[in-house]
Amino acid sequence: MKYELIHTARGSSARAGRLTLDRGIVHTPIFMPVGTQAAVKACTLEDVETHVGAEIILGNTYHLYLRPGTEVLQSQGGIHGFNQWKKPVLTDSGGYQVYSLSNNRKIKEQGVIFQSHIDGSRHLFTPENVIDVQRKIGADIIMAFDECTPYPCEYQYAKKSMHLTHRWLDRCMERFGTTEALYGKRQLLAPIVQGSVYDDLRKMSAEYIAQKGLPINAIGGLSVGEPTEDLYHHTALVCEVLPKPNARYLMGVGTPENLLECIDRGIDMFDCVLPTRNARHGTLYTSEGRINIKNKKWQYDESIIDSQSTSPYSRKYSKAYLKHLIHTGEHFGKQIASVHNLCFYLWLVKEARKHILNDSFRAWKNDMMEKISRKL
RNA sequence: GGGGGUGCGCCGGAGUUGGAGAGCCGGGCCAGACUGUAAAUCUGGUGACUUAGUCUGAAUAGGUUCGAUUCCUAUCACCCCCA
């Protein structure tokens, strides 16, 4: 249960590391596929393990709490017993839903009252019960309860919210410290830096989180609509403050370009719905650029989807076939595309790691940035 | 063969039963968006052109009328009934 910094690339803040958890080792930098409801949408977990090569995936406290419910999960031995994914899982606390479901919730000092998006019933999420639920889910890494602020966000509100997130962190840590893991595997609690797009708040929050001395520190409240320069600026700023020996997790990011730029600034862990959501909607990422497989131009294209992909589907089926499947809404098309994008994301971070270790990261990154930002 | 009915957009439906349609709804099609997943979702476009506008358009050809998608005649197509 530790993070080890192995190497920092020459001429960059990019790092290679190793996160050792009871259910497996995570090699950083890493991308974590999002599996909100104990499933990675449109994929089988065999795809995610074997073809994608994911070392850790996400789950979501809010969604799993509502369905199937903590009682069901507990009765099945937690999420791992439930969905049979044997590697590490990280659960988001529901802090993102404070942002994304802002019309259905009320924030108080005690916690957040959510009105269920499913049946309208009311549920109070507190730092304490969010830890309890994540104990029952049995995630290997559990996130502190935070408020993910929107963009734009008034300074005074961002400041007030940040302090609330800090107080909630203390309560999370207190609860975490006085409870135990339920299924024989240890759990890590990760705190979250907030502060919107304000330098002084970000710095203050990063310092607050840093002094907790936890193995993984997360950065939240970014990639919520702010300009890309703000994302990069605040990522760099926070990485300057967070302790080097600990892992840094940038929540909810991002595009392939975002990953490379943020690895360059010192980020070790990422998660994002973009590869899977965009796949279902027709956008594929390849080492040659981005394509929209729904476009008419692929209708007769008999070439293979991507001969370089680690996905066997992408090395077998043609662009014309995938265009047809996505176009007609076939589930198989969403699967092919989702596995493809996840394979690309995992390939990208693994390549990044190689180039960090042999000190060629910057040159490789510059080359890749040019390629992946192309629209084919 | 006789009688009745219906014809406008790429398709289906609604509506206009003499008073301003490039014009309603759905689908299709063409694009775009999507960042700790209320997302199998959402947005825009979809006659032509020289595009803040202009022109053409209600099966086809005529006619009546100040004015016709609407009324009349012929033709064509499709549907229903009878033989």
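Numbering follows our numbering, in which position 43 of the first sequence is assigned residue number 873; successive positions increment by one, without gaps.
Where is the CB? At the ideal position from N, CA and C, for every residue including glycine.
Of the residues Ile948, Ile1121, Leu1052, Glu1087, the one placed nearest Gly1080, counting alpha carbons only: Residue 1080 is actually Leu in this sequence, not Gly. The shortest Cα separation from Leu1080 among Ile948, Ile1121, Leu1052, Glu1087 belongs to Leu1052.
Check whether Met1199 and Glu1087 have beta carbons under 9 Å apart: Closer than 9 Å, so yes.
Per-residue burial, Gln986 [other beta carbons within 10 Å of its own, 16 or more giving buried]: exposed
Best match in Gly1084, Val1054, Tyr1038 for proximity to Val1068 [C-alpha to C-alpha]: Tyr1038
Euclidean distance between Cα positions of His893 and Lys1164: His893 and Lys1164 have their C-alpha atoms roughly 22 Å apart.
Asn933 versus Lys917, Gln940, Lys1033, Gly950, residue with shortest Cα-Cα distance: Out of Lys917, Gln940, Lys1033, Gly950, Gly950 has the C-alpha closest to the C-alpha of Asn933.
C-beta atoms of Met1003 and Lys1042 nearer than 9 Å: yes
For Tyr987, the three-state DSSP class (helix, strand or coil): helix
Beta-carbon spacing of Arg1107, Lys1205 below 9 Å: no
Sequence-distant residues of the same chain with beta carbon closer than 6 Å to Leu1155, five excluded per side: Phe1162, Gly1163
Distance between Tyr1028 and Val942 (C-alpha atoms, nearest Å): 24 Å
Three-state secondary structure assigned by DSSP to Thr850: strand
Paired residues, beta bridge with Asp1189 - DSSP: BP columns for Asp1189 are empty, so no partner.
Inter-residue CB distance, Val864 and Ile886 (contact presumed, cutoff 8 Å): About 11 Å separates the two Cβ atoms, so there is no contact after all.
Closest by C-alpha distance to Thr1191, when choosing among Asp852, Arg848, Pro859, Leu849: First, the residue type needs correcting, since residue 1191 is Phe and not Thr in the sequence shown. When each option's Cα is compared against that of Phe1191, the closest is Pro859.
Nearest neighbour of Ile972, chosen from Glu1010, Lys938, Lys936 [CA to CA]: Glu1010
Limits of the unbroken beta strand (DSSP E) element including Lys1205: Here Lys1205 belongs to no beta strand (DSSP E), and DSSP marks it neither H nor E.
Closest residue to Gln1138 among Asn1171, Trp1128, His1111, Ala1150 (Cα-Cα distance): Asn1171
Reduced DSSP category for Pro1105 - H, G, I as helix; E, B as strand; rest coil: helix
Nearest-angstrom Cα separation, counted from Phe1174 out to Ile1131: Note on identity: in this sequence residue 1131 is Asp, with Ile being the wrong assignment. Taking the straight line from one Cα to the other gives about 21 Å.
Exposure label - His1111; buried when at least 16 CB within 10 Å: exposed
Helix, strand or coil at Ile1022 according to DSSP, with G and I counted as helix: strand
For Trp1177 and Asn1196, the rounded distance between their alpha carbons: 17 Å
Close Cβ partners of Ile1134 (< 8 Å) along its chain, the five nearest in sequence each way excluded: Here the set comprises Ser1144, Arg1145, Lys1146, Tyr1147, Ser1148, Lys1149.
Whole alpha helix (DSSP H) elements within the stretch 1072-1147, 4-residue minimum: 1086-1094, 1104-1110, 1142-1146
Inter-residue CB distance, Val882 and Val1103 (contact presumed, cutoff 8 Å): Their Cβ separation, rounded to whole angstroms, is 15 Å, which puts Val882 and Val1103 out of contact at 8 Å.
DSSP-derived helix/strand/coil call for Ile1039: helix
Length of the line joining the Cα atoms of Gln945 and Trp998: 20 Å
Short Cβ contact (9 Å threshold) for Leu1090 with Ala1182: yes
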